[in-house]
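Number of protein chains: 2
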Amino acid sequence: MYFKMSRIDLLNMITIASKAISSNSPLPSLLGIKFDVKNDHIELTASDSDISIKTMKSKNDEGVFEVYEEGSIVINKNYINDIIRKIDSDVVEIEIIDGSLTKISGNTSEFKINGIKSNEYPLIDFNKPAKSFTISSTLLKNIINQTYFATSSQETRPALTGINFSCDGSSMTCIATDSYRLSRKVVEINNDLKFNITIPAKSLLEVARLLDKEENVEVAITDKKAQFICNNTIIQTRLIDGSYPDTSRFIPNNYDYSLVMNIKDLVHAIDRQSFIKNENDLFCILKLSMNENEIVISSRSQEIGSSKENLYFDSYEGKPLELSFSGKYVSDALKGLNGEKVKIQFCGEMKPFILTSLDDETTLQLVLPVRTFS
Amino acid sequence: MYFKMSRIDLLNMITIASKAISSNSPLPSLLGIKFDVKNDHIELTASDSDISIKTMKSKNDEGVFEVYEEGSIVINKNYINDIIRKIDSDVVEIEIIDGSLTKISGNTSEFKINGIKSNEYPLIDFNKPAKSFTISSTLLKNIINQTYFATSSQETRPALTGINFSCDGSSMTCIATDSYRLSRKVVEINNDLKFNITIPAKSLLEVARLLDKEENVEVAITDKKAQFICNNTIIQTRLIDGSYPDTSRFIPNNYDYSLVMNIKDLVHAIDRQSFIKNENDLFCILKLSMNENEIVISSRSQEIGSSKENLYFDSYEGKPLELSFSGKYVSDALKGLNGEKVKIQFCGEMKPFILTSLDDETTLQLVLPVRTFS
Chain A
1 MYFKMSRIDL LNMITIASKA ISSNSPLPSL LGIKFDVKND HIELTASDSD
51 ISIKTMKSKN DEGVFEVYEE GSIVINKNYI NDIIRKIDSD VVEIEIIDGS
101 LTKISGNTSE FKINGIKSNE YPLIDFNKPA KSFTISSTLL KNIINQTYFA
151 TSSQETRPAL TGINFSCDGS SMTCIATDSY RLSRKVVEIN NDLKFNITIP
201 AKSLLEVARL LDKEENVEVA ITDKKAQFIC NNTIIQTRLI DGSYPDTSRF
251 IPNNYDYSLV MNIKDLVHAI DRQSFIKNEN DLFCILKLSM NENEIVISSR
301 SQEIGSSKEN LYFDSYEGKP LELSFSGKYV SDALKGLNGE KVKIQFCGEM
351 KPFILTSLDD ETTLQLVLPV RTFS
Chain B
1001 MYFKMSRIDL LNMITIASKA ISSNSPLPSL LGIKFDVKND HIELTASDSD
1051 ISIKTMKSKN DEGVFEVYEE GSIVINKNYI NDIIRKIDSD VVEIEIIDGS
1101 LTKISGNTSE FKINGIKSNE YPLIDFNKPA KSFTISSTLL KNIINQTYFA
1151 TSSQETRPAL TGINFSCDGS SMTCIATDSY RLSRKVVEIN NDLKFNITIP
1201 AKSLLEVARL LDKEENVEVA ITDKKAQFIC NNTIIQTRLI DGSYPDTSRF
1251 IPNNYDYSLV MNIKDLVHAI DRQSFIKNEN DLFCILKLSM NENEIVISSR
1301 SQEIGSSKEN LYFDSYEGKP LELSFSGKYV SDALKGLNGE KVKIQFCGEM
1351 KPFILTSLDD ETTLQLVLPV RTFS
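Protein chains in written order, with this note's numbering: chain A, 1 to 374; chain B, 1001 to 1374.
Set out below in structure tokens:
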């Protein structure tokens, strides 16, 4: 293997591939990036076995890229990343000089790194599944960013650590829940498909991070894996086994109380009130006391003290109501809504309440109140 | 205690005082800031017993400040900082309403915090020592930033964890060393004084952080403490007991080899070469191979690989020389020099070498080479 390439192009490819690498992988080869160089293109592959990324550059693409000898090698991601990031040269040459010893050179610098032979790298099947649809990167990122925070971080119920995508026709429902709160976004796709899959939230966050500009993403799925194909990059993730719980029955249909107010005002008020947190509490518990004249948010702790704040609001409908909730959950839910105004609909003191944006009907956030004894 | 004050002024005072607080203090009152309110001024005091800060605002200073009732209270730094930072109001009122329960209010928000009575706060003597000199904040920050990195982080030789300031006349010598490297800066002060004190590096870093604009700082010292007085703030630190080693004999007077090159070029080259670091190494060991025609910096590890780079340089005088050193130590030393060009003077393969800036004769950096077997 011997090729010459624009430093910045190579760095971009390394940055993309690196997202798949987990620093605590037990397999040394999975700490590396596999370089495959053919006469007309170069491919970089990386994987942590949950998520795998392949990114390609062809001779026809823009930028310096010349191949002197085909070949392949695996090079530790940290070393290659450090070298290509810091090397003081616009073009770099990479050459296998002896077995797996690889020379990287540019300008007056020269690095020799012990690589790993590519036959020690696991075989990864990047074949494209037949079932697929196309979605804009912005919409895909919105789906992920407006729901992932509601996934569970506990491995006791694996299905809840992912986002569920279900489709029967051209309307796709995306749901995340940790059983204390739920996020749902419904979007139209450009294809009539039937599927019900759960993708690990961790993989989807990497997908969201890799989509930096407005472009189309092809999503291809089987029962075992999902692929996100965009430009010259394929991000492939395993799915979570097991069925996803039916969440539709959690979402109430009738509401007796309804509050409309500014999203940012409520986020800031929650932030201000959230300083009262006992050492053992994960989250700060806040109380909302509502009637037609006054909405008060408050917080109390025996040890630290108390706080309260009158909120500006647009409208409140229903009898007076008091309920308590995790400040973090409601703050997350509000940040997961687009638009300026939130409508919060309640069914009672201990019933789940839902948050929707007045400007965007596709997204629904649900939060379960908590019981307090005060 | 009951007063009204501009939020931003109070936040500034809290930010200054907070620098003295250590989050793992065993004494609950030392996790707080002491508020002392008199009819014509307010004082905030904080301490971690090594470093103590008192900052003051008087009625004559600019900005809203009105006192309704004198008094004092200690309030947990995290709570008061969070509240004053986030409260949505230009002016805040603080009032002791019941024993040590303190109400903080502004606009539509109201917080009640359990404080600690001020008689439970340790007595701190802020009396000003008689011996003092004045120095510009920029010069004082330079002294600290150009030397502190050479102090030791090991408590086995406490004196080495501080910066030593010695003066006999009007020339003050500031020295830091961890016995593998040494930084020395010599400056003129505006007073004829005789002293030899060692100030903890940690305290000096806080002093450097608090000096944000060009202004004069009064430094007052006794055998036990040092005070830095600037505007309405006093930063007081204990000194390190015990005598500081005589370091003058470490610094060679004659050199047989001398290299002049660009400071930034060498810092970047060291950064590029430093990726080769075995897991157990704290620092990357680099080798410099020098003769009149060529300066090569290189690095090698059995496990990872090797690297080398030809350096651009202005001049080299002396016979060919090879020596090895910690990349981090030399990089730190270079960053501790002002100006564009460094002159590095060597006495031999295993003798300390010194780095000075061609543009600034007040600062000297010394590094001990390391022995390598290759």
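Ideal placement from N, C-alpha and C gives every residue a C-beta, glycine not left out.
In the DSSP assignment, the residues bridged to residue 230 of chain A are A/233.
Scanning B/1369, B/1074, B/1260 for the CA closest to the CA of residue 1358 of chain B turns up B/1260. Annotated three-state conformation of residue 28 of chain A is helix, per DSSP. In the structure shown, residue 120 of chain A falls within a helical segment according to DSSP collapsed to helix, strand and coil. Under the 8 Å Cβ criterion, the stretch 1066-1086 of chain B does not count as touching the stretch 1136-1143 of chain B, having fewer than three qualifying pairs. The C-alpha of residue 310 of chain A lies about 6 Å from the C-alpha of residue 295 of chain A. Taken in chain order, the complete beta strand (DSSP E) segments of 3 or more residues contained in the stretch 1184-1256 of chain B are 1216-1221, 1225-1230, 1233-1238.
If you check the CB distance, residue 1113 of chain B and residue 1101 of chain B come in under 9 Å. Under the rule that a run must span 3 or more residues, the beta strand (DSSP E) segments found entirely inside the stretch 42-70 of chain A read 51-58, 65-69. For the options A/299, A/350, A/313, A/267, the alpha carbon positioned closest to that of residue 293 of chain A is the one of A/313.
Apart from the 5 residues on each side of it in sequence, residue 148 of chain A sits with its Cβ closer than 7 Å to the Cβ of 163, 176, 201, 204, 205 in its chain, given in chain order. Fully contained in the stretch 1100-1177 of chain B are the following alpha helix (DSSP H) runs of length 4 or more, in chain order: 1137-1145. Residues of chain A whose Cβ lies closer than 8 Å to the Cβ of residue 1303 of chain B are, in chain order, 114. Residues of the stretch 109-135 of chain A with a C-beta less than 7 Å from any C-beta of chain B: 109, 110, 111, 112, 113, 114, listed in chain order.
For the stretch 1138-1168 of chain B, the beta-carbon criterion of a distance under 9 Å to any beta-carbon of chain A is satisfied by none of its residues. Per DSSP, the continuous beta strand (DSSP E) segment holding residue 5 of chain A begins and ends at 2-6. Close partners of residue 1293 of chain B in chain A (Cβ separation under 7 Å) are lacking, with about 14 Å as the shortest Cβ gap.
Listed along chain B are 1086, 1088, each with a C-beta nearer than 9 Å to that of residue 268 of chain A.
Contact between residue 131 of chain A and residue 193 of chain A holds: CB atoms are separated by about 6 Å, below the 8 Å threshold.
Contact check for residue 1366 of chain B against residue 1248 of chain B fails: the beta carbons are separated by 9 Å or more.
Collapsing the DSSP output to three states places residue 273 of chain A in a helix. Exposure of residue 1302 of chain B is indicated by the presence of fewer than 16 other C-beta atoms within 10 angstroms of its C-beta. What residue 275 of chain A touches in chain B, judged by beta-carbon distance under 7 Å, is 1079, 1082, 1083, going in chain order. In this structure residue 45 of chain A is in contact with residue 124 of chain A, their Cβ atoms being roughly 7 Å apart against a cut-off of 8 Å. Between the C-alpha atoms of residue 269 of chain A and residue 297 of chain A there is a straight-line separation of about 8 Å. Annotated three-state conformation of residue 338 of chain A is coil, per DSSP. The alpha-carbon of residue 20 of chain A is positioned some 18 Å away from that of residue 161 of chain A. In chain order, 305 make up the part of chain A whose C-beta sits under 8 Å from the C-beta of residue 1101 of chain B. Less than 9 Å separates the beta-carbon of residue 58 of chain A from that of residue 40 of chain A. Interface with chain A (9 Å Cβ-Cβ cutoff): residue 1360 of chain B is excluded. The C-beta distance from residue 245 of chain A to residue 159 of chain A rounds to 7 Å, short enough to fall under 8 Å.
Within chain A, no residue has its beta carbon less than 7 Å from that of residue 1196 of chain B; the closest one is some 43 Å off.
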